[in-house]
Structure formats: structure tokens, C-alpha cells
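Take the sequence shown: its letters are residues 44 to 145, numbered as in the numbering used here. Where is the CB? At the ideal position from N, CA and C, for every residue including glycine. This one's a predicted model, so the numbers in the text were calculated from it and none came from an experiment.
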Amino acid sequence: MTGRKKRHLVWPLRKAADGQLATVTEGSQDDLVAQTGLIAVTQRGERPLVPGFGVDSPVGALRVDPDVLQSACDEWIGPGRVDIDVVRRAGGLVEQLVEVVQ
């Protein structure tokens, strides 16, 4: 292997401006953001070949516990690559911020 980073299809699957299927570079910020999103919406056990992938309460069912999402990202993406933070805003709004660390 040459050490060159590979390109693969982006998730969610979509077309690029040139009409081809969009791709991202492995390990890029866009790739890590997509991987984090995939983990956040996948129910643990949903993927039979990788039963531990995902979280127990994916986005859409309940708000994802930031500690659970952080742990899953550390396991599947790599420790220290993604930082999950919770911000409380005026009016009681709560946001989960995902920072990708290169």
C-alpha cells in the first residue's frame, strides 16, 4: 500500500455536481462527520454483521446520550478523533455539538 488515502462513497449517498456518486477521502473531516452521523442513527444490533455498531437509542427515537455517542465514536472511529459536547442555550434549548479532530 502506498499510504495514499482512499476515496469512498459518502453517506448519505448522493450525487456530486458532475452527476457522479459523491465520494470523500478516507479520514477527512467530511468522512468523520458522516461516520459520526451514521453511528448516531444506527440502532445497536441493526447491522447483523457488525452487531455492536451504533447506539442503543439512535437519533429519532430519543436524544442520544453524548457520553454513549462519544464512546461509540471512540470505538468505531478512533479515540480522540471526534469530540461530543452538549451546549445549553437560553430558553432551555439543548444542542449536541460534534467537533471532528484531525
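Q) Quick one, which of Gly-80, Leu-81, Ile-82, Gly-97 has its alpha-carbon nearest Gly-171's? A) Residue 171 is absent from the structure shown; the chain starts at 44 and stops at 145.
Q) Within 10 angstroms of its Cβ, does Ala-115 collect 16 or more other Cβ (buried), or is it exposed? A) buried
Q | Which of helix, strand or coil DSSP assigns to Met-44 | A | With a pLDDT of 49 at Met-44, under the threshold of 50, the modelled position of this residue cannot be trusted, and the question is left open.
**Q.** Range covered by the beta strand (DSSP E) that runs through Val-67
**A.** 66–68
Q: Just list the beta strand (DSSP E) runs in the segment 60–96, keeping only unbroken ones of 3 residues or longer that don't cross its boundaries, in chain order.
A: 66–68
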